[in-house]
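Letter by letter, the sequence shown follows residues 5 to 256 of the working numbering. All C-beta atoms in this analysis are idealised placements derived from N, C-alpha and C, irrespective of residue type, glycine included.
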Amino acid sequence: MMAYMADQITDIADMPRGGPDASWLDRLLETDRLEYLDRDDIDDEVKRGIVTALDRIGTVFHEHDRNAELVLREVADIADPKILELGAGHGALSRKVLEQHPTAHLTVTDINAESVVAMAASDLGDHPRASVGLMDATAIDAPDGAYDLVVFALSFHHLSPAQAAQVLAEGSRVAGRMLVIDLPRMPSLLHIAKLAVMAPLVWWPFAHDGLISSLRSYSPSALRALGAYAGLDVDVSTNPFDRQVLLARRRA
Ligand SMILES: C[S@@+](CC[C@H](N)C(=O)[O-])C[C@H]1O[C@@H](n2cnc3c(N)ncnc32)[C@H](O)[C@@H]1O
């Protein structure tokens, strides 16, 4: 029996980032090396610098606006939606949703204590419709069905396949829908070209993490396999040059 089939995965921990059907070349283009953001031995100041750069670059390229649009679309039919953001980092996505939805309540969280302290000290900490807190996406501290939507943006690739499947299961336990927005996994030859362009910049912590992110990004077939493993219905929309979006729902 094949080890990997979209609906029948025997060992999710070993699934390549390129998915069950990944080519041999794609399988070479991945790493277990952690991003600085995920390492305990890296100075908090370096990590804050990376999170600040993510916020600025997301603002310049309107990523936060585009991600907020996806969130707002998912809750368009819900009167006063309760939304949980995991891995919020700087909180820009939740901030946009709060600006654009008059009654949404946002729980804005991250696993990184420094990021949580910084978000709590920002306007989000005083916002009447926001709560800021520490949360591990793989073990969400909330009862079943506590939220209408869970969103996890640009963070999924930080997790191993087993952790990623666990996040899908947890997100879909605490909310009817879970939205994962993440980097695309490029076709291998383009991926190599992208890595070659990024490699000379790895002295810059943001580029270091960007390069590792690229190697750790999941392909559409990997996302589908993770959803199937978690026992969920998933829709994946993808474009190798843009974000990919996964919407997970519990099976009826
Ligand atoms: C690349 S940043 C993305 C920040 C922000 N969501 C954005 O779109 O720019 C990844 C974030 O995921 C967080 N993260 C990593 N593992 C996590 C986990 N297990 N649970 C919650 N957050 C996690 C990191 O602390 C970091 O803030």
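Cβ pair residue i, residue j closer than 9 Å
i, j, result
"Arg-228", "Gly-22", "no"
"Arg-253", "Leu-236", "yes"
"Phe-210", "Leu-183", "no"
"Ala-90", "Thr-113", "Here residue 90 is Leu; the residue named in the question, Ala, does not match the sequence. It is a contact, given that the beta carbons lie within the stated cut-off."
"Arg-70", "Leu-102", "no"
"Ala-150", "Gln-170", "no"
"Ala-80", "Gln-104", "no"
"Ser-119", "His-94", "yes"
"Ser-217", "Leu-199", "no"
"Leu-74", "Val-249", "yes"
"Leu-88", "Arg-181", "no"
Rounded straight-line distance, which links the Cα of residue j to that of residue i
i, j, result
"Pro-224", "Arg-189", "8 Å"
"Leu-33", "Ala-83", "44 Å"
"Thr-111", "Ser-126", "14 Å"
"Asp-47", "Arg-255", "42 Å"
"Trp-28", "Asp-45", "33 Å"
"Asp-145", "Gly-175", "11 Å"
"Lys-86", "Ala-124", "19 Å"
"Met-6", "Phe-65", "A caution first: Met-6 carries a pLDDT of 36, below 50, which makes its placement in the model unreliable, though a value can still be read off. In a straight line, the C-alpha of Met-6 is about 42 Å away from that of Phe-65."
"Leu-153", "Val-201", "37 Å"
"Asp-4", "Pro-165", "Here the chain has residues from 5 to 256 only, and residue 4 is not among them."
"Tyr-222", "His-161", "7 Å"
"Ala-203", "Val-238", "34 Å"
"Asp-140", "His-195", "30 Å"
"Thr-2", "Asp-25", "This structure cannot speak to residue 2, because the chain is shown only from 5 to 256."
"Arg-52", "Arg-177", "31 Å"
"Arg-60", "Asp-148", "35 Å"
"Arg-37", "Leu-187", "17 Å"
"Arg-43", "Gln-167", "16 Å"
"His-109", "Ala-122", "19 Å"
Reference residue i, options the options, closest by Cα
i, options, result
"Ala-179", "Asp-114, Glu-78, His-212, Leu-199", "Glu-78"
"Leu-172", "Leu-230, Asp-130, Ser-27", "Leu-230"
"Ser-98", "Gly-129, Asp-42, Asp-186, Ala-234", "Gly-129"
"Leu-193", "Pro-204, His-162, Asp-30", "Asp-30"
"Phe-245", "Ala-203, Leu-205, Pro-191, Leu-251", "Pro-191"
"Thr-107", "His-131, Asp-15, Ala-117, Ala-122", "His-131"
"Ala-197", "Leu-215, Arg-181, Leu-187", "Leu-215"
"Ile-185", "Arg-37, Arg-177, Asn-243, Asp-148", "Asn-243"
"Leu-163", "Pro-147, Ala-226, Asp-148", "Ala-226"
Cβ shell of residue i (< 8 Å), same chain only, five flanking positions each side left out
i, result
"Val-50", "Tyr-40, Pro-209"
"Leu-58", "Gly-93, His-94, Leu-158, Phe-210"
"Ile-115", "Gly-91, Leu-138, Met-139, Asp-140, Ala-141"
"Val-206", "His-212, Leu-215"
"Ala-117", "Leu-138"
Near ligand 2: residue i beta-carbon under 8 Å from a heavy atom
i, result
"His-105", "As for ligand 2, it is missing from this structure, which binds only ligand 1."
Cβ shell of residue i (< 6 Å), same chain only, five flanking positions each side left out
i, result
"Ser-159", "Gly-91"
"Ala-234", "Ala-169, Leu-172, Ala-173"
"His-68", "Gly-62, Ala-96, Leu-97, Lys-100"
"Pro-20", "Ala-26, Arg-31"
"Arg-247", "Ile-185"
Beta-carbon contacts of residue i that lie in its chain and below 7 Å, excluding the five residues immediately before and after
i, result
"Ile-54", "Tyr-40, Leu-41, Pro-209, Phe-210, Asp-213"
"Leu-76", "Val-101, Gln-104, His-105"
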